[in-house]
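*Asks:*
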Amino acid sequence: MAVGTPAGTLFIVATPIGNLADLSPRALETLKTVAAICAEDTRHTRQLLSHFGIDRPLLALHEHNEEAMSERIVERLSGGDSLALVSDAGTPLVSDPGYRVVRAARAAGLRVSPIPGACAAIAALSVAGLPSDRFTFEGFLPAKSSARRERMGRLASETRTLVFYESSHRIAESLADMRSVFGDDRIAVIARELTKMFETVLDGTLAELHAQVEADDNQRKGEFVVMVQGAGDDEEAQLIEGRRLYAKLSEHLPPSTAAKLAAEISGAPRKALYGQGGTE
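So in the UniProt record's numbering, spot 153 of the sequence shown is number 153, and the numbers just go up one at a time.
1) If we ignore side chains and look at the alpha-carbon of each, how far apart do residue 278 and residue 208 end up?
2) From the DSSP output, which residues share a beta bridge with residue 166?
3) Touch check for the stretch 144-151 and the stretch 217-235: three-plus C-beta pairs under 8 Å?
4) Taking all protein chains shown into account, decide if residue 178 is buried (16 or more other Cβ within 10 angstroms of its Cβ) or exposed.
5) If you draw a straight line from the C-alpha of residue 170 to the C-alpha of residue 80, how long is it?
6) Could you pull out every residue in the same chain whose Cβ sits closer than 6 Å to the Cβ of residue 2, ignoring the five residues on either side in sequence?
7) Assign residue 184 to one of two classes, buried (16 or more other C-beta atoms within 10 Å of its C-beta) or exposed (fewer than that).
8) Under the assumption that residue 35 contacts residue 58 (Cβ atoms under 8 Å), give the Cβ distance between them as a whole number of angstroms.
9) If we require 3 or more residues per run, which beta strand (DSSP E) segments fall completely within the stretch 24-91?
10) Go ahead and pull the three-state DSSP assignment for residue 277.
11) By DSSP, does residue 174 sit in helix, in strand, or in coil?
12) Beta-carbon within less than 6 Å of residue 139's beta-carbon, same chain only, minus the 5 sequence neighbours each way: which residues are those?
13) So the candidates are 157, 242, 84, 142; which of them puts its Cα closest to the Cα of residue 186?
14) Can you check DSSP and say which residues form a bridge with residue 139?
15) With 16 as the cutoff for other CB atoms within 10 Å, does residue 20 come out buried or exposed?
16) What span of residues does the beta strand (DSSP E) with residue 113 cover, start to end?
17) What's the call for residue 311, buried or exposed, on a 16-neighbour Cβ count within 10 Å?
18) Leaving out the 5 sequence neighbours to the left and right, which residues in its chain are closer than 6 Å to residue 134 when beta-carbon positions are compared?
19) Within a Cβ cutoff of 7 Å, which residues of the same chain sit near residue 56, ignoring the five residues on either side of it in sequence?
Here it is as structure tokens:
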């Protein structure tokens, strides 16, 4: 940094998830005045900037170059340039690249300032009607069904509301896996295309939602937030976790030993686990 030159600020700017009117006045002013804008997809961001008459240099920042770009961005900030970081839509770093740049800037003692705004997960949760005092955001699930079910299995006993992102070409398959792991009767909500023309919010059991999505091609288009109500009381959560552990342990151990260990770890009654494939 040149002597007497104040360091710049890295602004983390939330952009609309659909409706362009959701870009805040502060975000608009920031994007107009920074030296350059770091964007996940420069073509997408250029369209957004063009809509608002903003002409700023763009720097491509994505998961494949983030490590290398961090040093370059820190150098510019240290030299006095203020920069903005945006993702394709919503709040940066939420299931999007950027945390390495933020970490590098903070490690260098530089100012990182949020310009809050739209976030699909929070917007969806606000209209879901599910418990929102405690929730866990899981982002995108794995693409392969086996890995998806494995991830879901670790969440089956979670009592907080579960929030996932999902794509149009996997929504039906993911709902089928959720039915298998969480059960047909677990309450869930699907928010699709939030703030856009075809915004839809569906609620019901996982079985009902899966049937609706399978029956209507339109409900398999767009971008999705899937929210699943957490497991019930502690006893139910213990039983779900105990059965998950028993299923895994019984692949390698005698049923009685698997049930004993699963019960000790989960707190579930040992005898309640035998219905998952073993007998005393």
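Cβ atoms here follow ideal geometry from the backbone N, Cα and C, with glycine treated the same way.
*Replies:* In short, the structure shows the following:
1) Only weak support exists for where residue 278 lies, its pLDDT of 41 falling under 50; the value from the coordinates is given anyway. Cα to Cα, the separation comes out at about 31 Å.
2) 224
3) no
4) buried
5) 45 Å
6) Reliability fails at residue 2, whose pLDDT of 48 lies under 50, so the model's placement of it is uncertain and no value is given.
7) exposed
8) Between residue 58 and residue 35 the Cβ distance is about 11 Å, and since that is not below 8 Å, they are no contact.
9) 36-39, 58-60, 83-86
10) Model confidence at residue 277 stands at a pLDDT of 45, short of 50, so the residue's coordinates are unreliable and nothing is read from them.
11) helix
12) 95, 165
13) 157
14) 164
15) exposed
16) 111-115
17) Because the chain is modelled from 1 through 280, residue 311 falls outside the range shown and cannot be assessed.
18) 160
19) 31, 34, 36, 37, 49
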